[in-house]
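Structure record follows, encoded as structure tokens.
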Amino acid sequence: MTDFEYYDENEEDYKSKTQVKREMEALQDLGAKLVKLNPAQRKKVPMSDTMRDALVEADRIKQWSAQRRHLQYIGKVMRTEDADAISARLELFDSTSAANNKRFHQLEGTRDALIGDGGKEILDQYIVANPHVDIQQLRSLVRMAKKEVEQNKTTTSRKKLFKFLREAQDAKLGLL
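Numbering of the sequence shown is given in this note's numbering, commencing with residue 82 and proceeding in unit increments.
So, in structure tokens, the structure goes:
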């Protein structure tokens with residue numbers, strides 16, 4: 082009587098209807114996070130032109146029911162996108178995420194190592210690992226930060242050095 086083929090539930094490719102719905106809702110939620118990003122951040126996220134157009138259209142829509150339908154469309158477009166790459170990039174934008182905190186602590190450690198004893202060797206290693214940085218500016222910032230630490234002054238130069246290191250890492254990761 083029925084025209085569909087029976088399926089074996091023991092197959093590895095089998096997904097229940099509920100599982101498929103959960104995956105689609107997760108993609109739709111990821112799309113909703115993309116909608117909330119500002120245009121500068123969206124440019125840094127790897128996605129297709131179709132997805133970019135859908136996000137621009139989502140900014141234009143104001144009526145709630147239309148927004149809801151459009152979010153469903155964005156969820157549909159998300160099926161063709163690399164969701165893992167997009168979510169990894171979104172984590173870097175989220176200031177409360179574990180990835181961002183880890184990155185922040187690594188940068189602090191690098192800054193403190195550059196200022197501390199043995200800073201010259203660490204500076205040379207950093208320059209080799211990051212050839213795109215402005216070496217003269219980096220050396221100058223390290224020198225000023227060391228001077229501030231020795232004189233127990235404010236941490237202005239340490240903050241500038243941290244900002245420089247963060248921008249260098251952002252450029253290396255393609256976030257700028």
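C-beta: ideal position from N, C-alpha, C; glycine also. Small disclaimer: the values here were computed from a predicted structure and weren't measured.
Query	Result
Helix, strand or coil for T83, going by three-state DSSP, please let me know.	Annotation note: pLDDT 49 at T83 (below 50); position unreliable, coordinate value reported separately. Looking at T83 - three-state DSSP - the assignment turns out to be coil, as it is neither helix nor strand.
Rounded to whole angstroms, how far is the Cβ of A226 from the Cβ of R239, which I believe are closer than 8 Å?	5 Å
Quick one: measure Cβ to Cβ for R170 and K125, integer angstroms, because I've assumed they're closer than 8 Å.	7 Å
Please report how far the alpha carbon of L219 lies from the alpha carbon of L118, in whole angstroms.	31 Å
State the CB to CB distance for the pair Q206 and Q153, rounded to an integer number of angstroms; the pair is presumed to be in contact (CB under 8 Å).	No, Q206 and Q153 are not in contact; Cβ-Cβ is about 50 Å, not under 8 Å.
Kindly list the residues whose CB is nearer than 8 Å to the CB of V230, restricted to its own chain and excluding five residues on each side of it in sequence; keep chain order.	I196, R239
Just to confirm, does S97 get its C-beta within under 8 Å of one of the non-hydrogen atoms of the ligand NAD?	Judged by which ligands are present, the structure shown has none, so any question about the ligand NAD falls away.
Kindly indicate the opening and closing residues of the alpha helix (DSSP H) around Q122.	120–124
State whether the stretch 95–102 contacts the stretch 126–146, with contact taken as three or more CB pairs (one from each stretch) at a distance under 8 Å.	no
Using DSSP with H/G/I as helix, E/B as strand and the rest coil, what is Y95?	coil
Of the residues I155, A179, I142, R192, which one's Cα is nearest the Cα of L111?	I155
Reducing DSSP to helix, strand and coil, say where K234 ends up.	coil
Apart from the five residues on each side of it in sequence, which residues of its chain come closer than 8 Å, Cβ to Cβ, to Q148?	A139, I142
If we ignore side chains and look at the alpha-carbon of each, how far apart do I203 and S221 end up?	15 Å
What separation, rounded to the nearest whole angstrom, lies between the Cα atoms of V137 and P212?	36 Å
Would you check if the distance between the CB atom of P127 and the CB atom of A166 is smaller than 9 Å?	yes
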